[in-house]
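Chains A and B, in that order, are what the protein sequence lines are. Number 122 in our numbering belongs to position 122 of the first sequence; there are no gaps in the numbering. Number 109 in our numbering belongs to position 109 of the second sequence; there are no gaps in the numbering. All residues carry an ideal CB built from backbone N, CA and C; glycine is no exception. Following: one structure in structure tokens, then a few remarks.
Number of protein chains: 2
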Amino acid sequence: MSETTVDTTTVPSLKFDSQGLIPVIVSHAEDNTVLMFAWMNQDALNKTQQTGLLHLYSRSRKSLWKKGETSGETFMVSKLMVDCDQDVLLAHVMPSAAGNACHTGRRSCFYRELKGNTLVFAEG
Amino acid sequence: MSETTVDTTTVPSLKFDSQGLIPVIVSHAEDNTVLMFAWMNQDALNKTQQTGLLHLYSRSRKSLWKKGETSGETFMVSKLMVDCDQDVLLAHVMPSAAGNACHTGRRSCFYRELKGNTLVFAEG
Chain A
1 MSETTVDTTT VPSLKFDSQG LIPVIVSHAE DNTVLMFAWM NQDALNKTQQ TGLLHLYSRS
61 RKSLWKKGET SGETFMVSKL MVDCDQDVLL AHVMPSAAGN ACHTGRRSCF YRELKGNTLV
121 FAEG
Chain B
1 MSETTVDTTT VPSLKFDSQG LIPVIVSHAE DNTVLMFAWM NQDALNKTQQ TGLLHLYSRS
61 RKSLWKKGET SGETFMVSKL MVDCDQDVLL AHVMPSAAGN ACHTGRRSCF YRELKGNTLV
121 FAEG
């Protein structure tokens, strides 16, 4: 498929990788803050579209994962965007609880800045 | 390394994958808009830190890639964030030209929404 076709088509042809996964960037629908990064397989995408709640694929547990299943921090997906190459997704989400995406209890998984060869805590 | 150690250490131990790559989310420093998604190898990370300009690794061309090398759309990296697991980077960038990250000429690579089984153009 040529670049032009990929860029203009309205027919999705998502590119899952050799393991059947596609990267998903999760950002807050209100202020665009990047909250976390994860993966979906086709099943997780289907469940997300069917329920409106973010579903992911856990590579460590090798299983479907409803975000917030244990923590209660579920995310309503307000928009699911696709990139130019159709090999990355961007989920705009609204939290249904406190809105802490990270397993450390923080709002975002990106709470440290890499400065030279040091990690500097940006918040929390 | 335990989760706790990973979460609190100030010593970076970035996890590059089996191909020596780490995913990089690129967002606009002013409004947090996610502009693109790419990869870095250690060399690209070094070059980014040394120059302050976003360098990436092109998986298709199998080579280091200074973002904007041909398009002129270079990005100054104002902050480089690391996620809780140290296996994803988030680069906050300021464009030095028009600020169109996508090879299609758009500001962001995420310009289409996946609605059911249709791609809807969100802008452009």
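A/Met94 to A/Phe75 span [Cα, whole Å]: As a first step, residue 94 of chain A is located in the first sequence; it is residue number 94 there, counting from the start. As a first step, residue 75 of chain A is located in the first sequence; it is residue number 75 there, counting from the start. When rounded, the distance between both Cα atoms is 5 Å.
Tell me, please, which residues DSSP counts as bridged to A/Ala122. On the first sequence, residue 122 of chain A is found 122 positions in, with the first residue counted as 1. Per DSSP, none; premise fails for A/Ala122.
Using a beta-carbon distance below 8 Å, is A/Phe37 in contact with chain B? As a first step, residue 37 of chain A must be located in the first sequence, where it is residue number 37. True, the Cβ-Cβ gap to chain B drops below 8 Å.
I need the straight-line Cα distance from B/Met64 to B/Leu21, nearest angstrom please. Translated into positions along the second sequence, residue 64 of chain B becomes position 64. Translated into positions along the second sequence, residue 21 of chain B becomes position 21. The identity of residue 64 of chain B in the sequence shown is Leu, whereas the question assumes Met. Their backbone Cα atoms lie some 12 Å apart in a straight line.
Check whether the Cβ atoms of B/Asp17 and A/Phe37 sit closer than 8 Å, and answer yes or no. Indexing the second sequence from 1 puts residue 17 of chain B at position 17. Indexing the first sequence from 1 puts residue 37 of chain A at position 37. Cβ atoms of B/Asp17 and A/Phe37: not closer than 8 Å.
Among B/Ala122, B/His103, B/Gln50, whose alpha-carbon lies nearest the alpha-carbon of B/Gly68? Taking the first residue of the second sequence as position 1, residue 68 of chain B is located at position 68. Nearest C-alpha to B/Gly68: B/His103.
Limits of the beta strand (DSSP E) - the one that A/Leu56 falls within: By 1-based counting over the first sequence, the position of residue 56 of chain A is 56. A/Leu56 -> beta strand (DSSP E) spans 55–58.
Go to B/Leu21, then tell me how far its beta strand (DSSP E) extends in each direction, as first and last residue. For the purposes of this step, residue 21 of chain B is taken as residue 21 along the second sequence, with counting starting at 1. Unbroken run through B/Leu21: none, as it is neither H nor E.
Please report how far the alpha carbon of A/Leu80 lies from the alpha carbon of A/Thr48, in whole angstroms. Within the first sequence, the letter at position 80 stands for residue 80 of chain A. Within the first sequence, the letter at position 48 stands for residue 48 of chain A. If I take the Cα positions, the gap works out to 9 Å.
So with CB distances below 8 Å, who are the chain A contacts of B/His55? Locating residue 55 of chain B in the second sequence gives position 55, counting from the first residue. What B/His55 touches in chain A: nothing, since even the nearest Cβ is about 14 Å away.
Go ahead and pull the three-state DSSP assignment for B/Ala38. On the second sequence, residue 38 of chain B is found 38 positions in, with the first residue counted as 1. Three-state DSSP puts B/Ala38 in a strand.
How would you write the range of the beta strand (DSSP E) that B/Leu64 sits in, first residue to last? On the second sequence, residue 64 of chain B is found 64 positions in, with the first residue counted as 1. Start and end: 63–66.
Per-residue contacts from B/Lys79 into chain A (C-beta, under 7 Å): By 1-based counting over the second sequence, the position of residue 79 of chain B is 79. Per Cβ cutoff of 7 Å: Glu113.
So, helix, strand or coil for B/Lys47, using DSSP? Position 47 of the second sequence holds residue 47 of chain B. Helix, per DSSP.
Tell me which same chain residues have a C-beta within less than 6 Å of the C-beta of A/Gly42, skipping the five on either side of it? As a position in the first sequence, residue 42 of chain A is number 42, starting the count at 1. What sits at residue 42 of chain A in the sequence shown is Gln, not Gly. The answer is none, since no qualifying residue turns up.
Cβ of A/Leu21 less than 8 Å from any chain B Cβ? Position 21 of the first sequence holds residue 21 of chain A. No, A/Leu21 lies away from the interface with chain B (no Cβ there is under 8 Å from its Cβ).
Chain A residues whose Cβ lies nearer than 7 Å to that of B/Leu90: Along the second sequence, read from residue 1 onward, the residue named residue 90 of chain B stands at position 90. Chain A residues near B/Leu90: Val34, Phe110.
On the criterion of 16 or more Cβ atoms from any shown chain inside 10 Å, does B/Ser96 qualify as buried, or is it exposed? Along the second sequence, one-based indexing puts residue 96 of chain B at 96. It counts as exposed.
When you check each C-beta in the stretch 37–51 of chain B against every C-beta of chain A, which residues fall closer than 9 Å? Phe37, Leu45, Gln49
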